[in-house]
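Okay, so here's the structure we're looking at.
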Amino acid sequence: MPRIHSLGWLSLMLLTGTLYASSNSVRLTSGEWPPYTSEHLPYDGIMSYIVTEVFSKQGIRVEYGYFPWKRSFRLAQYGEWDGSLGWTKNQQREKDFYFSEPLLNGHDVFFYLKDMPDKVFTWKDYSDLKGLKIGATLGYIYGPGFDKADLDGEINVLRFPSDADLIRNLYLGRLDLAVMDACVGHDLIELSYPTHSSLFGHTRKVVRNSSFRMILTRKKPENAGLMEKFNQGLASLRDDPVAFKMLSSVYARPCYSEYLSEGTNSG
Numbered sequence: 288m289p290r291i292h293s294l295g296w297l298s299l300m301l302l303t304g305t306l307y308a309s310s311n312s313v314r315l316t317s318g319e320w321p322p323y324t325s326e327h328l329p330y331d332g333i334m335s336y337i338v339t340e341v342f343s344k345q346g347i348r349v350e351y352g353y354f355p356w357k358r359s360f361r362l363a364q365y366g367e368w369d370g371s372l373g374w375t376k377n378q379q380r381e382k383d384f385y386f387s388e389p390l391l392n393g394h395d396v397f398f399y400l401k402d403m404p405d406k407v408f409t410w411k412d413y414s415d416l417k418g419l420k421i422g423a424t425l426g427y428i429y430g431p432g433f434d435k436a437d438l439d440g441e442i443n444v445l446r447f448p449s450d451a452d453l454i455r456n457l458y459l460g461r462l463d464l465a466v467m468d469a470c471v472g473h474d475l476i477e478l479s480y481p482t483h484s485s486l487f488g489h490t491r492k493v494v495r496n497s498s499f500r501m502i503l504t505r506k507k508p509e510n511a512g513l514m515e516k517f518n519q520g521l522a523s524l525r526d527d528p529v530a531f532k533m534l535s536s537v538y539a540r541p542c543y544s545e546y547l548s549e550g551t552n553s554g
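In the working numbering, each number is its position in the sequence shown, counted from 1, plus 287.
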């Protein structure tokens with residue numbers, strides 16, 4: 288369901304005594320991807336907070352629509368919505384979208400179900416994953432290594448509508464591995480299986496390090512100027528105390544900080 292957010296919006300209206308026209312609003316698709324985006328989190332998650340705050344300081348209100356991620360992408364791609372957030376950049380997507388500077392960084396890993404409490408799954412290259420059922424999310428890319436192994440048939444990849452579906456099917460034994468952002472996986476496990484979270488593990492080796500960005504459709508020419516304006520505002524957000532506190536709370540979490548140490552490899 289679409290939700291409208293703009294921090295400080297009410298005070299701004301009281302000061303100006305006017306309502307902004309549609310040209311002073313932006314409609315972005317999103318999805319359930321805690322801790323980054325979720326309609327059940329304060330400020331709709333840390334990534335949504337960053338976007339909302341940058342636009343708010345420029346007098347622009349944000350409307351978020353929550354959909355399955357593949358649909359979120361298509362709605363933005365075809366110009367039915369202005370854009371979306373939480374996407375990584377590649378040449379194919381740049382044909383359809385303007386990309387913001389990075390909002391947050393993340394780390395994709397493999398989650399697995401332990402058959403023993405101290406079980407640790409390790410892998411060196413994609414040949415080690417032959418014969419395993421690997422869950423991935425529709426519409427996502429996981430870097431050239433994973434995508435090539437998938438395309439070449441070196442690994443067996445099954446696609447699902449959401450990361451939550453991956454966790455559920457992993458828990459039910461229908462998957463051997465599930466690839467997703469480390470912090471997203473941990474949050475979904477704690478949300479869905481709080482009393483069984485110790486049954487899940489994840490790899491130390493990273494599938495992909497990535498930068499998450501906001502995208503705006505090229506179907507609307509005015510979005511080029513809007514993105515330039517957004518990136519200028521994003522650069523100044525580092526001085527925002529609420530953003531700093533929220534970012535610090537994310538970066539301090541083990542699911543994030545353990546991948547920042549030197550020597551962590553990606554596939």
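All C-beta atoms, glycine included, are put in the ideal place defined by N, C-alpha and C.
For G472, same chain residues with a beta-carbon under 6 angstroms away, outside a window of 5 residues either side, are F398 in chain order.
Between the C-alpha atoms of P321 and P355 there is a straight-line separation of about 14 angstroms.
The region 506-521 and the region 432-442 do not touch, with fewer than 3 CB-CB distances between them shorter than 8 angstroms. Annotated as proximal: M501 and S387, with beta-carbon spacing under 8 angstroms. When C-beta atoms of the region 400-410 are compared with those of the region 509-528, fewer than three pairs fall below 8 angstroms, so the two segments do not count as touching. The Cβ neighbour count for D468, taken over all protein chains shown within 10 Å, is at least 16; the residue is labelled buried. Ranked by Cα distance from S414, the options K406, A423, A539, G432 are led by G432. When the Cα atoms are used, I476 and V338 turn out to be separated by approximately 26 angstroms.
Taking C-alpha positions only, D395 is separated from R348 by approximately 31 angstroms. In the three-state scheme derived from DSSP, where H, G and I count as helix and E and B as strand, Y385 is classed as strand. Judged by DSSP secondary structure, T339 falls outside any beta strand (DSSP E) and instead within the alpha helix (DSSP H) spanning 333-343. The residue among K411, A436, F447 with its C-alpha nearest the C-alpha of A423 is F447. Shown here for A436: same chain residues with a beta carbon closer than 7 angstroms to its own, the five before and five after excluded, namely Y413, I442 in chain order.
Of the residues assessed, Y351 falls on the buried side of the cut-off, its CB having 16 or more other CB atoms within 10 angstroms.
The C-alpha of D383 lies about 25 angstroms from the C-alpha of Q345. Residue burial annotation: S484 is exposed, with fewer than 16 other C-beta atoms found within 10 angstroms of its C-beta. In the structure shown, K492 adopts coil according to DSSP, grouped into three states. Between L425 and K357, the C-beta spacing is below 8 angstroms. Taking each of R540, N311, E326 in turn and checking the Cα distance to G318, the smallest one comes out for E326. Looking at the DSSP output, F398 sits in a beta bridge with A465, H489. Fully contained in the region 398-485 are the following beta strand (DSSP E) runs of length 3 or more, in chain order: 420-424, 443-447, 464-468.
Excluding residues up to 5 positions away in sequence, I428 lie with their Cβ nearer than 8 angstroms to the Cβ of D434 in the same chain. With fewer than 16 other Cβ atoms inside 10 Å of its own Cβ, T409 counts as exposed.
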